[in-house]
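Engineer: Counting with the working numbering, you get residues 1020 to 1130 for the letters of the sequence shown.
I'd like to ask some things about the structure below.
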Amino acid sequence: MRKKSNKAKPSKKSRKKRNWILYIAVVAFSLYIVVTIVNQQIQISNAKTELEELNNKISIQKIKNDELKQVADAVDSDDLDSFSDYIEKVAREDLDYVKNGEVVFINIAGD
């Protein structure tokens, strides 16, 4: 004869309840993973955009540095033509100066 064990088998209701809890936990964890991955992709995209902007600023600054080095070399070598050309360029572009008798036309059409 066999002895009956004192352990009671879980009822069907408690099994269903555990299954639902496990299902809800798995769904919640899956949603958390999806939201985390999407958030990280957005952050990566923003970082790439910022990196591209910074690289553009670096290249612009390098061009300006090269131009300033050329001016400094022109001043050091007493090349007054290059220096006067630079002075004229700065006066025209940055300070909006014009020569005497010169007429400036502005294209308002944007072409």
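Each residue gets a CB set at the ideal place from its N, CA and C atoms; glycine is no exception.
Note that the structure is a prediction, hence the values are computed from the model and not measured.
1. Identify whether Glu1107 lies in helix, strand or coil by the three-state DSSP scheme.
2. Which value, in whole angstroms, describes the spacing of the CA atoms of Gln1059 and Ser1049?
3. How many whole angstroms separate the CB atoms of Ala1093 and Ser1101, which I take to be in contact at a CB cut-off of 8 Å?
4. If you check the beta carbons only, do Val1117 and Val1109 fall under 8 Å apart?
5. Return the CA-CA distance between Gln1080 and Ala1047, expressed in angstroms with no decimal places.
Structural biologist: Judging by the given coordinates:
1. In this structure, Glu1107 counts as helix in the three-state DSSP scheme.
2. Roughly 15 Å between the two C-alpha positions.
3. At roughly 4 Å, the Cβ-Cβ gap stays under 8 Å, so Ala1093 and Ser1101 are in contact.
4. No, they are not a contact pair.
5. Take the alpha-carbon of Gln1080 and the one of Ala1047: they are about 49 Å apart.
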